[in-house]
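Working notes for the structure below.
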Amino acid sequence: MNFGPLPSVDAAAVPSEGFVLDVREDDEWAAGHVEGALHIPMSDFVARFGELTEAVEDGRRVHVMCRVGGRSAQVTQYLVRQGVDAVNVDGGMQAWDGAGRPMVTDSGNPAFVL
Numbered sequence: 001m002n003f004g005p006l007p008s009v010d011a012a013a014v015p016s017e018g019f020v021l022d023v024r025e026d027d028e029w030a031a032g033h034v035e036g037a038l039h040i041p042m043s044d045f046v047a048r049f050g051e052l053t054e055a056v057e058d059g060r061r062v063h064v065m066c067r068v069g070g071r072s073a074q075v076t077q078y079l080v081r082q083g084v085d086a087v088n089v090d091g092g093m094q095a096w097d098g099a100g101r102p103m104v105t106d107s108g109n110p111a112f113v114l
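Here it is, written out as structure tokens:
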């Protein structure tokens, strides 16, 4: 069954107040992430799906992010099938960093993409 092209957006085009879902693993998240993003590793995603639906019950768009866009594409596909307004961030955190978008760490160390 074909669901059509995957909705995606350039990292530079994500609105600064946009809702970001980061599906990378814990070590990647710790190295650097988008401030205010919701972190649910892809490996935990189905089990923790309720956390996402609660966060976006207002119907806002979910910008799904991983390191380069592969894992996030799979999660975006899943979300779209569940009726969630989700888009894959093309190029992931590498593109985000490349576009000069801000990143933070929980530790206060300089942020980087792992």
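Read in our numbering, the sequence shown has 97 at position 97, and its numbers run on one by one without any break.
The beta carbon of each residue, even a glycine, is placed where N, CA and C say it ideally should be.
- Under the 8 Å Cβ criterion, the region 37–47 counts as touching the region 17–27, having at least three qualifying pairs.
- The continuous beta strand (DSSP E) containing VAL89 extends over residues 86–90.
- If the five residues before and after VAL68 are omitted, its C-beta is found closer than 7 Å to the C-beta atoms of GLY91, GLY92, GLN94, all from its own chain and listed in chain order.
- For ARG101, the CB contacts under 8 Å within the same chain, skipping 5 residues up- and downstream, are ALA11, ALA12, VAL14, VAL34 in chain order.
- If you look at PHE19, you'll find it in the beta strand (DSSP E) that goes 19–22.
- Under the criterion of beta carbons closer than 8 Å, VAL75 and VAL89 do not qualify as touching, at roughly 11 Å.
- Under the 10 Å beta carbon count, ARG60 is surrounded by fewer than 16 other beta carbons and is classified as exposed.
- Taking C-beta atoms as the reference points, VAL87 and PRO5 fail to come closer than 8 Å.
- Per the C-alpha coordinates, the member of ASP97, VAL84, ARG48 positioned closest to CYS66 is ASP97.
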